[in-house]
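Going by numbering that gives the first Met the number 0, the residue at position 44 of the sequence shown is 43; the numbering climbs one at a time, nothing skipped.
Below is one structure, written out as structure tokens, with a few remarks after it.
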Amino acid sequence: MAAAMESGKGEFPVGTRVVISGLAGTVKFEGTTKFAAGIWVGVELDLEKGKNDGSIQGVKYFECKTKHGIFLRPDALRKQPPPQA
Numbered sequence: 000m001a002a003a004m005e006s007g008k009g010e011f012p013v014g015t016r017v018v019i020s021g022l023a024g025t026v027k028f029e030g031t032t033k034f035a036a037g038i039w040v041g042v043e044l045d046l047e048k049g050k051n052d053g054s055i056q057g058v059k060y061f062e063c064k065t066k067h068g069i070f071l072r073p074d075a076l077r078k079q080p081p082p083q084a
């Protein structure tokens with residue numbers, strides 16, 4: 000079960016496809032955390048290039064495979080452009 004934290008109301012709702020430093024992923028969490036102040040976005044990366052499994056300091060914020068999860072500030076993300084037909 001994901002941690003119940005205050006949800007952010009930013010531009011990256013859960014399910015949004017994003018790009019971080021050339022890596023693609025899906026937003027799985029947006030809101031406040033126990034590990035640091037402010038709004039954080041939890042992303043499940045497509046590749047095994049993350050730092051966690053959606054947990055930090057024993058608190059589960061979202062579910063994903065080991066080393067596929069990463070937490071970033073919203074200003075570090077950009078929306079992935081839709082695929083071109």
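Beta carbons: idealized from backbone N, C-alpha and C, even for Gly.
Bear in mind the structure is a predicted one, so any value in this text is a computation, not a measurement.
Query: Reference Trp39; option with closest CA among Leu71, Thr15, Ile19, Gly14; Result: Leu71
Query: Beta-carbon separation (whole angstroms), Cys63 vs Glu47, contact threshold 8 Å; Result: About 10 Å; that fails the 8 Å criterion.
Query: Neighbour-count burial assignment, Glu29, 16 or more Cβ in a 10 Å radius; Result: buried
Query: Beta-carbon spacing of Val18, Val26 below 7 Å; Result: no
Query: Gly36 (DSSP reduced to helix, strand or coil); Result: In the sequence as displayed, the identity of residue 36 is Ala instead of Gly. If DSSP states are grouped into helix, strand and coil, Ala36 belongs with coil.
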